[in-house]
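Enquirer: Every letter in the sequence shown is one number past the one before it in the working numbering, and letter 374, counting from 1, is 848. Could you have a look at this structure, given as C-alpha cells, before my questions?
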Amino acid sequence: IDILRDSTRKYVYDDTFRSIFGRTGAIPKEKLDYYLARGYDRSDIVGTSYLELQYEDVLRGQKGRVESTTSKGKLVGKQNEHLGERGNDLVLTIDIELQQKVEEVVKKVVNSAGGSFLAGKEAYIVMMNPKTGEVLAMAGYDDHTGAINKAFAMGSAVKGATVLTGFQTGVMSPSSYIYDAPITLPGGVRKQSVKPMGNVDYRSALERSSNVYMFYIAMRLAGYDYSKRCCFNRVEEGYNDMRYYFSQLGLGVETGIDLPSEGTGYNGGIQLPGNLLDLAIGQFDTYTPLQMVQYVSTIANGGYRIKPQLVKEVREPSTDKEELGRIVYQHEPTILNRIDMSEDYIKRVQEGFRRVVAGSAGTGRYLASRPYTNAIAAKTGTAQVFVGKRKANNQTYVGYVPYDNPEVAFAVVVPNVQINSGAIARNIVEGSVTAYYELKNERSASFSSSVSSSEEMDVEIEE
C-alpha cells in the first residue's frame, strides 16, 4: 500500500495581505525535536512564518487514524477508529476592504513616482486603532513584512518624542523659546534647520519642524550650554535619557505584536556629542514602521502604549460555511505601559501635531485643504540617507484622525527616494485616510438604509 500526502491552499483574497498570513512547510530541521516532543510526526506540515507560525498551536488540527491488525498481509480486524478534527479559525483585526484599498493606494502612488526611487520601489503603511491596538491595514509595495521587520531613519517624524523628553527631563519648558539659527559645535561642525526660523516654542517647532529646537534639547541633556560653548560633560547620560523616553513610546523596543521575529531597529553606533543631536531629529537610530505607528498611537490616546494586535478572535471550526464557530478566545486591548510623562506635556505635543496640518506654516498644511484629511494631527519627516554614494531621502509621515477623538493612527515610510521627489508619503496618507472615511460613510449609509427599511416594514405590519 502506498500512502501519498498532498495539500492545497486557497487564498480567498488572492494576494491581499498574503505575506503576513505566512507559509507552511516541512518541519525545519532545527525545530524537529521540539515538534516531535509535542506529538508531531516527522512528515507533518507546520507553520513556518508569520501568522501560520505564531498560531501553529491554534491552527493545527488533530489527525484521524485507524488502528488495525493484520495477519500475513490480510486485514483481520479493526481495533479502533479516531476521527480527525480541523484546527481552530482565526478572525483578524484587519479590515479587508480597507486593506485592499490601501494596497491599491500604495501601488498607484509608488508607480506614479517610479523614477524617484534609487534602490527599488518601496513604501510601507500601517493603520491601527490607537485605543485598542487593532491593526486595521498593513501594506507594502511588494511585501508587507517590511512594515514589521525593516528599520529606517525616520527623520523629523520622531520630534514628538524629543519634545516630550525635553519637557519630562526639565531641560526644556513649554514656555521656553529658542532662537532658530545655525549652530556651530566644537570642531566646527555646523547644524541647522531647513531654514532659519527665528524664535520658536514647542508649538512652532513641531508645526514648522525646527531642528535647532531639538538640538537644544539634546545639548542640554548632554550638559552643554550653547551660550557658554561648554561643556559636553554628560553625553552618555544624554543618550540614556533620550532612549529611555523614546522606548516608553515604543521606539527602539519590541511593540509586542502577535507575530514572530519583529524588528526593533538599530542603535546608530558611536555615542559622539554630535550624534546625540542627530538622534533628536531621527537621523541616528532606526525604527520600523510598526514602531512608528505605536509611537504616534501612544501620543494620540493620551500616553498608553498599546500592544498591536492582528488576531481578534479564535473560533472553533464550523460545519456551516456561512457561520463562524463558537468563540474560544477574544482579544482585549493590552496596555504595555503608561508613559512616564505628564498628561499636560502629552496634550501639548498633541497640540503641536495638530498645528502641523492646521497651522498656516505647518509642514502638512496641504492636507487641511482636502475633504477627508482636514482633521488630521500629524508629524512629517525627511531623513537624509545615502544609496551608495548618492544622497537620498526617507519620506515619513505619522499621525492620527480625527485629532480630537482618534479612530485611526497611521505611519507611512517611503525609503530611498531622490531628494527632490514629490510628496509620495503624503499622497499615500491622503489616499489611505480617504479610503478609510469613504468606507465608513458607505457602511453608515448602508446601515441607515437597512434600519429605515426595517422601520417601514414594521409600519406595514402594524397597518
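Ideal Cβ positions, reconstructed from N, Cα and C, are used throughout, including at glycine. All figures in this text were calculated on a predicted structure; none of them were measured in a lab.
Taking buried to mean at least 16 other C-beta atoms within 10 Å of its own C-beta, is I744 buried or exposed?
Expert: Start at 1 with the first residue of the sequence shown, and residue 744 comes out as number 270. Answer is exposed; the Cβ neighbour count stays below 16.
Enquirer: Could you compute how far the alpha carbon of D563 sits from the alpha carbon of S523?
Expert: Looking up residue 563 in the sequence shown gives position 89. Looking up residue 523 in the sequence shown gives position 49. Going by the C-alpha atoms only, they are around 17 Å apart.
Enquirer: Quick one: what does DSSP say D821 is sitting in, helix, strand or coil?
Expert: As a first step, residue 821 is located in the sequence shown; it is residue number 347 there, counting from the start. Note that residue 821 is Lys in the sequence shown, not Asp. Reduced to three states, the DSSP call for K821 is helix.
Enquirer: Which two residues bound the contiguous beta strand (DSSP E) that contains N562?
Expert: Position 88 of the sequence shown, counted from the start, is the residue given in the question as residue 562. First-last for N562: undefined, no H or E at that position.
Enquirer: DSSP three-state call for E937: helix, strand or coil?
Expert: Translated into the one-based positions of the sequence shown, residue 937 becomes position 463. Confidence at E937 is low in this model, with a pLDDT of 34, below 50, so its placement is unreliable and the value that follows should be read with caution. Coil, per DSSP.
Enquirer: Name the one or two DSSP bridge partners that G742 has.
Expert: The sequence position of residue 742 within the sequence shown is 268, counting from 1. Residue pairing of G742 in beta bridges, as defined by DSSP: absent, with no partner found.
Enquirer: Hey, how far is the Cα of F491 from the Cα of M612?
Expert: Sequence index remark: in the sequence shown, residue 491 carries index 17 (1-based). Sequence index remark: in the sequence shown, residue 612 carries index 138 (1-based). Cα atoms of F491 and M612: separation of roughly 8 Å, rounded to the nearest angstrom.
Enquirer: Give the list of continuous alpha helix (DSSP H) stretches no shorter than 4 residues that lie fully inside the segment 584-650.
Expert: 620-623, 633-643
Enquirer: Buried or exposed, going by whether 16 or more other CB atoms sit within 10 Å of the CB of L572?
Expert: Within the sequence shown, the letter at position 98 stands for residue 572. Label assigned to L572: buried.
Enquirer: Work out the CA separation of R812 and S792 for me, nearest whole Å.
Expert: Reading the sequence shown from its first residue, position 318 is the one you call residue 792. Reading the sequence shown from its first residue, position 338 is the one you call residue 812. Rounded to the nearest angstrom, the two C-alpha atoms are 40 Å apart.
Enquirer: Name, in chain order, the residues that DSSP records as bridge partners for Y874.
Expert: Residue mapping note: residue 874 aligns to position 400 of the sequence shown, counting from 1. A851, A883, per the DSSP bridge assignment.
Enquirer: Please work out which residues of its chain come closer than 7 Å, Cβ to Cβ, to L725, disregarding the five sequence neighbours upstream and downstream, and give them in chain order.
Expert: Counting from one through the sequence shown, the residue named residue 725 turns up at place 251. Cβ within range, chain order: V632, A635, Y761, Q765, Y769.
Enquirer: DSSP on N946, reduced to helix/strand/coil?
Expert: The structure shown does not extend to residue 946, since the chain is modelled only from 475 to 937, so the question has no answer here.
Enquirer: Assuming I657 and V637 form a contact by the criterion Cβ under 8 Å, report the distance between their Cβ atoms to the nearest whole angstrom.
Expert: Numbered from its first residue, the sequence shown carries residue 657 at position 183. Numbered from its first residue, the sequence shown carries residue 637 at position 163. The Cβ separation is near 18 Å, so there is no contact.
Enquirer: For I898, count neighbouring Cβ atoms within 10 angstroms of its own Cβ and tell me buried if that reaches 16, exposed if not.
Expert: Along the sequence shown, one-based indexing puts residue 898 at 424. By the 10 Å Cβ count, I898 comes out buried.
Enquirer: Expressed to the nearest angstrom, what Euclidean distance is found between the alpha-carbon atoms of N749 and S683?
Expert: By 1-based counting over the sequence shown, the position of residue 749 is 275. By 1-based counting over the sequence shown, the position of residue 683 is 209. One C-alpha to the other measures close to 19 Å.
Enquirer: In the DSSP output, which residue or residues are listed as bridge partners for K665?
Expert: Within the sequence shown, numbered from 1, the residue matching residue 665 stands at position 191. According to DSSP, which records beta bridges pairwise, K665 is partnered with I657.
Enquirer: Have a look at F720, V645, G739 and flag the residue whose alpha-carbon is nearest the alpha-carbon of Y700.
Expert: Indexing the sequence shown from 1 puts residue 700 at position 226. The option with the nearest alpha carbon to Y700 is V645.
Enquirer: Looking at the secondary structure, which residues open and close the alpha helix (DSSP H) in which E530 lies?
Expert: Along the sequence shown, one-based indexing puts residue 530 at 56. 530-533 is the span of the alpha helix (DSSP H), which, as asked, contains E530.
Enquirer: If you run the structure through DSSP and keep just helix, strand and coil, what is K537?
Expert: The residue given as residue 537 occupies position 63 in the sequence shown. Coil at K537, not helix or strand.
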